[in-house]
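Colleague: Okay, here's the structure, questions in a sec.
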Amino acid sequence: MATKRSVSTLKEADLKGKRVLVRVDLNVPLDDNLNITDDTRIRAAVPTIKYLQSHGAKLILCSHLGRPKGVTPKYSLKPLVPRLSELLGLEVCSLFTRVKMGNDCIGEEVKKIVDELPEGGVLLLENVRFYKEEEKNDPEFAKKLASLADVYVNDAFGTAHRAHASTEGVAKYLKPAVAGFLMQKELDYLVGAVANPKRPFAAIVGGSKVSTKIGVIESLLGKVDLLLLGGGMIFTFYKAQGYSVGSSLVEEDKLDLATSLMEKAKLKGVSLLLPTDVVIADKFAADANSKVVPASSIPDGWLGLDIGPDSIKTFSEALDTTQTIIWNGPMGVFEFDKFAVGTEAIAKKLAELTAKGVTTIVGGGDSVAAVEKLGLAEKMSHISTGGGASLELLEGKPLPGVLALDDA
Ligand code: AMP
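In this text, residue positions in the sequence shown follow the working numbering: the first is 3, and each later residue adds one.
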């Protein structure tokens, strides 16, 4: 894999005895009884936290949870303390006590807990979004966060596309400001591997609408050798070519755009593959009647909900020739089992190719959900943790949370 690096990293920072403010993404789903229903994000934060602990840092973790309007108990980070402590081994380790937590993310109480932290000790700050100043990127609030620590580590890739006080503002007042391991890995793959790919380089773009993926498609057209399109967006491309698309999802105002994207691909020498057959349904439902038809002849009243078997074969054969693959967006309505076949086939193909040494990157959003549902997440080179952030990176946009780091 290519490893172009553009920001300073954790391994370059002097950590022993230092107070380190770590922006993590602990925005986990909680049920009505405040039980964590998916701890993936907490687990993803653990490598950076453990590294800091083992290097004698005093850790101050901060995160947002949900979208609270002011102080809202149901968005408190307190329910996360037991699980975080457990994952860090702090329940059983005699040297340290469990993760500490006060009632705020700034102020005297928090400062006192920080002063008492031992090396390797961990304090979790309360939800930074309890202050409206967080999302406003208020400099005074950022300074208060910065005043708690000697070093800033940003490991919250999922919020790096937002210029908030804890993701961007704080880095102006707290140096060194470096990337954590999770952030670093995302940048290595989504920037490094995409900028200097082993070729042939393929992108697979799916999802519902072409309008939400224009930026990604345009940016990737300048980089890839092969572009495979699937999902709901293909019907806009078909209609632009004069095919009958029945009741499939079409963005009428994007027909010209679809045509121009096809022309751009040709001009740039990118081989653009659209599915040759589709699975159509008589209604948008899990129990719809379905059949496979050529892409050019979808009957009236039917709608395309997945790519067909010939397309799966063609896509698979095309992918066999590649060395780097980036995938964003499902091939069909994978939420319905009957129309998940195309997405599953692509996920399995990528897993197979990863084992053969191909670099495979699943770039956020629903394709990640599909890969995880299939239990294939571990079989990819990289699964991006940030939906919006990975999309913006793939569009070639700089992320404020990354730009704020040293040497960015
Ligand atoms: P996106 O968030 O743009 O990546 O879109 C993901 C969504 O696209 C998923 O919820 C899929 O159900 C939906 N999708 C995929 N293929 C189709 C299709 N053929 N028609 C309608 N929606 C689709």
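Heads up, the beta-carbon is just placed ideally off N, CA and C, and yes, glycines get one too.
What residues match up with Gly377 in a beta bridge as DSSP calls it?
Modeller: The residue labelled residue 377 in the question sits at position 375 within the sequence shown. Bridge partners of Gly377: none, in fact.
Colleague: Would you say Val294 touches ligand 1, meaning its beta carbon is less than 7 Å from a heavy atom?
Modeller: Here residue 294 corresponds to residue number 292 of the sequence shown, with the count starting at 1. Result no, Cβ not under 7 Å from ligand 1.
Colleague: What residues are listed by DSSP as bridge partners for Tyr154?
Modeller: Looking up residue 154 in the sequence shown gives position 152. According to DSSP, Tyr154 bridges with Leu23, Ala179.
Colleague: Can the beta-carbon of Lys200 be found closer than 8 Å to that of Thr387?
Modeller: As a working mapping, residue 200 is identified with position 198 in the sequence shown. As a working mapping, residue 387 is identified with position 385 in the sequence shown. No, they are not a contact pair.
Colleague: By a C-beta neighbour count over all protein chains shown, 10 Å radius and 16 as the cutoff for buried, is Ile352 buried or exposed?
Modeller: Translated into the one-based positions of the sequence shown, residue 352 becomes position 350. According to the sequence displayed, residue 352 carries Leu and not Ile. With 16 or more Cβ atoms within 10 Å of its Cβ, Leu352 is classed as buried.
Colleague: State the CB to CB distance for the pair Leu67 and Asn29, rounded to an integer number of angstroms; the pair is presumed to be in contact (CB under 8 Å).
Modeller: For this step, residue 67 is matched to residue 65 along the sequence shown. For this step, residue 29 is matched to residue 27 along the sequence shown. Between Asn29 and Leu67 the Cβ distance is about 5 Å, and since that is below 8 Å, they are a contact.
Colleague: Where Phe341 and Lys266 are concerned, what is the direct C-alpha to C-alpha distance, given to the nearest angstrom?
Modeller: Sequence index remark: in the sequence shown, residue 341 carries index 339 (1-based). Sequence index remark: in the sequence shown, residue 266 carries index 264 (1-based). Roughly 30 Å separates the two Cα atoms.
Colleague: Helix, strand or coil for Thr326? Go by DSSP, reduced to three states.
Modeller: Translated into the one-based positions of the sequence shown, residue 326 becomes position 324. Note: Thr326 maps to strand in three-state DSSP.
Colleague: What is the rounded straight-line gap between the Cα of Ala167 and the Cα of Leu54?
Modeller: Numbered from 1 along the sequence shown, position 165 holds the residue referred to as residue 167. Numbered from 1 along the sequence shown, position 52 holds the residue referred to as residue 54. Roughly 22 Å between the two C-alpha positions.
Colleague: Does any heavy atom of ligand 1 sit closer than 7 Å to the C-beta of Asp368?
Modeller: Looking up residue 368 in the sequence shown gives position 366. Under cutoff, so the answer is yes.
Colleague: For Leu23, tell me which candidate among Asp409, Thr326, Asp289, Pro178 has the shortest Cα-Cα distance.
Modeller: Sequence index remark: in the sequence shown, residue 23 carries index 21 (1-based). Among Asp409, Thr326, Asp289, Pro178, the Cα nearest to that of Leu23 is on Pro178.
Colleague: Taking the alpha helix (DSSP H) that Lys60 falls in, what are its first and last residues?
Modeller: Here residue 60 corresponds to residue number 58 of the sequence shown, with the count starting at 1. It is not in any alpha helix (DSSP H) - Lys60 instead sits in the beta strand (DSSP E) that spans 60-64.
Colleague: Tell me whether Pro332 counts as near ligand 1, meaning its Cβ is closer than 7 Å to at least one heavy atom of that ligand.
Modeller: Mapped onto the sequence shown, residue 332 falls at position 330. Indeed, a heavy atom of ligand 1 lies less than 7 Å from the Cβ.
Colleague: What three-state label does DSSP hand Lys211 in the structure shown?
Modeller: Residue mapping note: residue 211 aligns to position 209 of the sequence shown, counting from 1. In the structure shown, Lys211 sits in coil (DSSP, three-state: anything other than H, G, I, E or B).
Colleague: Going by C-alpha to C-alpha distance, which of Asn198, Leu184, Cys64, Gly224 sits closest to Leu263?
Modeller: Residue 263 sits at position 261 when you count from the first residue of the sequence shown. For the residues Asn198, Leu184, Cys64, Gly224, the minimum Cα distance to Leu263 belongs to Gly224.
Colleague: Using the beta-carbon count (16 or more within 10 Å), is Pro301 buried or exposed?
Modeller: On the sequence shown, position 299 is the one that residue 301 refers to. Result: exposed.
Colleague: Could you give the DSSP three-state label for Asp190: helix, strand or coil?
Modeller: Numbered from 1 along the sequence shown, position 188 holds the residue referred to as residue 190. Asp190: helix per DSSP, three-state reduction.
Colleague: Rounded to the nearest angstrom, what separates Val207 and His163 at their Cα positions?
Modeller: Indexing the sequence shown from 1 puts residue 207 at position 205. Indexing the sequence shown from 1 puts residue 163 at position 161. So the two alpha carbons sit approximately 21 Å from each other.
Colleague: Between the C-alpha atoms of Asp33 and Leu259, what's the straight-line distance to the nearest angstrom?
Modeller: Residue numbering aside, residue 33 sits at position 31 when the sequence shown is read from its first letter. Residue numbering aside, residue 259 sits at position 257 when the sequence shown is read from its first letter. When rounded, the distance between both Cα atoms is 42 Å.
Colleague: Flag Thr362 as yes when its Cβ comes closer than 7 Å to any non-hydrogen atom of ligand 1, and as no otherwise.
Modeller: Sequence index remark: in the sequence shown, residue 362 carries index 360 (1-based). The answer is no for Thr362.
Colleague: Taking the C-alpha atoms as reference points, what is the distance between Val226 and Ala205?
Modeller: Position 224 of the sequence shown, counted from the start, is the residue given in the question as residue 226. Position 203 of the sequence shown, counted from the start, is the residue given in the question as residue 205. Spanning the two alpha carbons is a distance of roughly 7 Å.
Colleague: For Leu321, count neighbouring C-beta atoms within 10 Å of its own C-beta (all shown protein chains included) and say buried if the count is 16 or more, exposed if not.
Modeller: Along the sequence shown, one-based indexing puts residue 321 at 319. So Leu321 ends up on the buried side.
Colleague: Helix, strand or coil: which one does DSSP assign to Thr39?
Modeller: Locating residue 39 in the sequence shown gives position 37, where the first residue counts as 1. Coil at Thr39, not helix or strand.
Colleague: Using a Cβ-Cβ cut-off of 7 Å (strictly less than) and excluding sequence neighbours within five positions of Lys215, which residues of its own chain qualify?
Modeller: Counting from 1 along the sequence shown, the entry for residue 215 is found at position 213. The answer, listed in chain order, is Val207, Gly209, Met235, Gly331.
Colleague: What's the C-alpha gap between Gly359 and Met103?
Modeller: To locate residue 359, count along the sequence shown from 1; it is residue 357. To locate residue 103, count along the sequence shown from 1; it is residue 101. Spanning the two alpha carbons is a distance of roughly 44 Å.
Colleague: Who does Ile206 pair with in a DSSP beta bridge?
Modeller: Residue mapping note: residue 206 aligns to position 204 of the sequence shown, counting from 1. Answer is Leu230, Trp329, bridged to Ile206.
Colleague: For the alpha helix (DSSP H) containing Leu89, list its first residue and its last residue.
Modeller: Translated into positions along the sequence shown, residue 89 becomes position 87. Per DSSP, Leu89 belongs to the alpha helix (DSSP H) from 83-89.
Colleague: Spell out a yes or no on whether the region 187-200 and the region 273-290 are touching, meaning 3 or more CB-CB pairs, one atom from each, closer than 8 Å.
Modeller: Because the criterion of three Cβ pairs below 8 Å is not met, the region 187-200 and the region 273-290 do not touch.
Colleague: To the nearest angstrom, how far is it from the Cα of Ile348 to the Cα of Lys293?
Modeller: One-based indexing of the sequence shown puts residue 348 at position 346. One-based indexing of the sequence shown puts residue 293 at position 291. Whole-angstrom Cα-Cα distance: 20 Å.
Colleague: Between which two residues does the beta strand (DSSP E) containing Lys293 stretch?
Modeller: In the sequence shown, residue 293 corresponds to position 291, counting from 1. Taken as a continuous stretch (DSSP letters only), the beta strand (DSSP E) holding Lys293 covers 292-296.
Colleague: Leu176 and Ala158 - do their beta-carbons sit closer together than 8 Å?
Modeller: Locating residue 158 in the sequence shown gives position 156, where the first residue counts as 1. Locating residue 176 in the sequence shown gives position 174, where the first residue counts as 1. Contact flag unset, no.
Colleague: Among the residues of its own chain, which have a CB less than 7 Å from the CB of Tyr77, if the five just before and after it don't count?
Modeller: Walking along the sequence shown from the start, residue 77 turns up at place 75. These residues qualify, in order along the chain: Leu67, Gly68, Pro70, Asn129.
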